[in-house]
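Engineer: Here the numbering used here is used: the first residue of the sequence shown is 1, the next is one more, and so on.
Don't be surprised by glycine CBs; every beta carbon is placed ideally from N, CA and C.
All values derive from a computational prediction rather than experimental measurement.
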Amino acid sequence: MKAHEYQAKQLLAEFGVPVPRCGVARTPAEAKRIAGELAGEVVIKAQVHAGGRGKAGGIKIVSSPDEAEQAAKAMLGSRLVTHQTGPQGVPVNVVLVTEAIDIERELYLGIVIDNVAGAPVIMASEAGGMDIEEIARTRPEKILKAYVDPTTGIRSYQTRRLAYGLNLKQEQIRPASDIIGNLYKLFQAKDCSLAEINPLAVARDGRLFAVDAKLNFDDNAAYRQKAVADLRDTSQEDPLEVEAKSKGIDNYVKLDGNIGCIVNGAGLAMAVLDLLKQAGGGAANFLDIGTMNDPERVVQAFRILTSDRDVKAVLVNIFGGMARVDIIAQGIVNASKQMEIKVPVVVRLAGTNVEQGERILKDSGLKLVRAYSFKEAAEKAVAAAKKSS
Ligand code: GDP
Ligand code: MN
1 MKAHEYQAKQ
11 LLAEFGVPVP
21 RCGVARTPAE
31 AKRIAGELAG
41 EVVIKAQVHA
51 GGRGKAGGIK
61 IVSSPDEAEQ
71 AAKAMLGSRL
81 VTHQTGPQGV
91 PVNVVLVTEA
101 IDIERELYLG
111 IVIDNVAGAP
121 VIMASEAGGM
131 DIEEIARTRP
141 EKILKAYVDP
151 TTGIRSYQTR
161 RLAYGLNLKQ
171 EQIRPASDII
181 GNLYKLFQAK
191 DCSLAEINPL
201 AVARDGRLFA
211 VDAKLNFDDN
221 AAYRQKAVAD
231 LRDTSQEDPL
241 EVEAKSKGID
251 NYVKLDGNIG
261 CIVNGAGLAM
271 AVLDLLKQAG
281 GGAANFLDIG
291 TMNDPERVVQ
301 AFRILTSDRD
311 VKAVLVNIFG
321 GMARVDIIAQ
331 GIVNASKQME
341 IKVPVVVRLA
351 GTNVEQGERI
361 LKDSGLKLVR
371 AYSFKEAAEK
381 AVAAAKKSS
């Protein structure tokens with residue numbers, strides 16, 4: 001799960017990381033009022049779950065409350081397209097109005113889990129600002145790293161070493177290592193998968209500020225992070241993914257191909273994506289209906305896929321283990337009774353109760369494209385999608 005910059009900054013402040021004074025506006029008039037209270041130059045920042053706002057017109061520095069109102073008016077209600085969003089962009093419903101910092105240098109600070117090391121890694125760089133991904137690619141030596149042993153926690157020598165590596169003035173070492181230590185505390189306390197300050201600004205007066213902030217949270221910890229769950233903003237998420245989650249389908253991810261897939265088991269789902277690619281096509285989604293014996297779940301899956309206009313064919317590929325193939329087959333029949341499925345449906349069934357499942361499909365009289373091997377299923381799905389698009 002992701003949070004907005006304004007929510008992330010609120011948490012940073014609670015954990016002792018200095019952030020510029022700011023206020024949240026949902027109307028241009030509010031933006032004007034906040035700008036008036038902050039006085040001087042302010043920055044209007046579109047609040048969306050995507051980075052790269054600076055280059056996309058989502059960050060505007062203005063010098064009067066009237067200009068703040070104008071900038072907010074242009075952003076609110078629009079959709080922002082950045083290199084991290086699709087071409088359809090994400091809606092801007094909130095802007096953050098912050099005091100403008102007179103920035104001397106832009107540093108980078110980030111914490112993620114390093115899956116290979118099996119530990120959180122803190123990254124710090126002098127090359128902060130808008131192009132950290134580019135730096136990671138071309139000059140990885142510019143990024144300092146410190147691995148944290150999660151059982152002992154972060155050590156003060158680690159935060160100091162990183163702070164010294166940022167070429168700060170002597171009097172800035174203490175504040176910088178406090179920021180690093182506090183960011184780690186927040187990362188751990190809130191079960192983050194990413195905590196990033198980019199830029200960590202060195203102001204001309206020598207103070208340090210988190211000018212931008214990004215937090216992602218590990219969904220596996222949602223059960224013990226109720227306050228974090230309240231930060232969720234579904235307007236920023238794919239509507240079909242939101243619907244899937246509300247129907248108990250946790251493993252639905254929208255992709256950019258045109259074959260809607262209904263699969264059980266994440267491993268099988270991944271294999272299906274590969275096979276479709278090999279057959280010259282592409283999946284419109286990753287959908288694992290899980291191990292269940294409820295035909296209604298299959299119906300829900302069809303409901304989601306048929307409301308996705310990118311889907312030109314549906315591929316049902318089920319290997320019944322604990323899940324029973326006859327129940328899945330019943331789900332396919334129920335779905336076709338409850339909704340109009342306009343695209344061809346390719347079905348491949350194997351495993352537990354496959355004979356009963358086959359009989360249910362046959363007796364239903366449904367027009368389905370049948371396949372009996374994995375490869376055949378993928379090839380037929382690709383062909384069907386090509387034909388119907
Ligand atoms: P992002 O593009 O989505 O990462 O948004 P940021 O909040 O990081 O802003 C992008 C860039 O705008 C920063 O790297 C800064 O160069 C600039 N910027 C943002 N806030 C301020 C500010 O208060 N003062 C100044 N001078 N520049 C700012
Ligand atoms: Mn940024």
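Straight-line CA distance for residue 220 to residue 228?
Structural biologist: Cα to Cα, the separation comes out at about 12 Å.
Engineer: Quick check: the Cα distance between residue 191 and residue 19, rounded to an integer number of angstroms?
Structural biologist: Spanning the two alpha carbons is a distance of roughly 21 Å.
Engineer: Could you check whether the Cβ of residue 85 sits closer than 7 Å to any heavy atom belonging to the ligand GDP?
Structural biologist: Flag unset: Cβ of residue 85 not near the ligand GDP.
Engineer: Give me the DSSP bridge partner(s) of residue 114.
Structural biologist: DSSP, once it has assigned bridges, lists 119 as partnering residue 114.
Engineer: Extract the residue ranges of the alpha helix (DSSP H) inside the stretch 266-321, only unbroken runs of 4 or more that lie entirely within it.
Structural biologist: 266-278, 295-306, all fully within the stretch 266-321.
Engineer: According to DSSP, is residue 375 part of a helix, a strand, or is it coil?
Structural biologist: It is helical.
Engineer: If we count the other Cβ atoms within 10 Å of its Cβ and call it buried at 16 or more, is residue 265 buried or exposed?
Structural biologist: Label assigned to residue 265: buried.
Engineer: Does the beta carbon of residue 57 fall short of 7 Å from some heavy atom of the ligand MN?
Structural biologist: No, the beta carbon of residue 57 sits no closer than 7 Å to any heavy atom of the ligand MN.
Engineer: Determine the contact status of residue 333 and residue 377, defining contact as a CB-CB distance below 8 Å.
Structural biologist: Cβ distance not < 8 Å, so residue 333 and residue 377 don't count as in contact.
Engineer: Please go through the same chain and pick out, in chain order, the residues whose beta-carbon is closer than 7 Å to the beta-carbon of residue 247, but skip the five residues on each side of it.
Structural biologist: Cβ neighbours of residue 247 beyond the five flanking positions: 300.
Engineer: Going by the C-beta, is residue 131 closer than 7 Å to any heavy atom of the ligand MN?
Structural biologist: For the ligand MN, not one heavy atom lies less than 7 Å from the Cβ of residue 131.
Engineer: Can you tell which of 365, 311, 319, 324 has the C-alpha that lies nearest to the C-alpha of residue 342?
Structural biologist: Among 365, 311, 319, 324, the Cα nearest to that of residue 342 is on 311.
Engineer: Below 8 Å between beta carbons: does that hold for residue 154 and residue 108?
Structural biologist: Taking 8 Å as the Cβ cut-off, residue 154 and residue 108 do not qualify as a contacting pair.
Engineer: Roughly how many angstroms lie between the CA atoms of residue 146 and residue 169, to the nearest whole one?
Structural biologist: Cα to Cα, residue 146 sits roughly 21 Å from residue 169.
Engineer: In whole angstroms, give me the CA-to-CA distance for residue 207 and residue 237.
Structural biologist: Whole-angstrom Cα-Cα distance: 36 Å.
Engineer: Quick one: residues with CB closer than 5 Å to any heavy atom of the ligand MN, in chain order, please.
Structural biologist: Taken from the N-terminal end onward, the list reads 198, 212.
Engineer: Buried or exposed for residue 204, please, with buried defined as at least 16 other CB atoms from any protein chain shown within 10 angstroms of its CB.
Structural biologist: With fewer than 16 other Cβ atoms within 10 Å, it is exposed.
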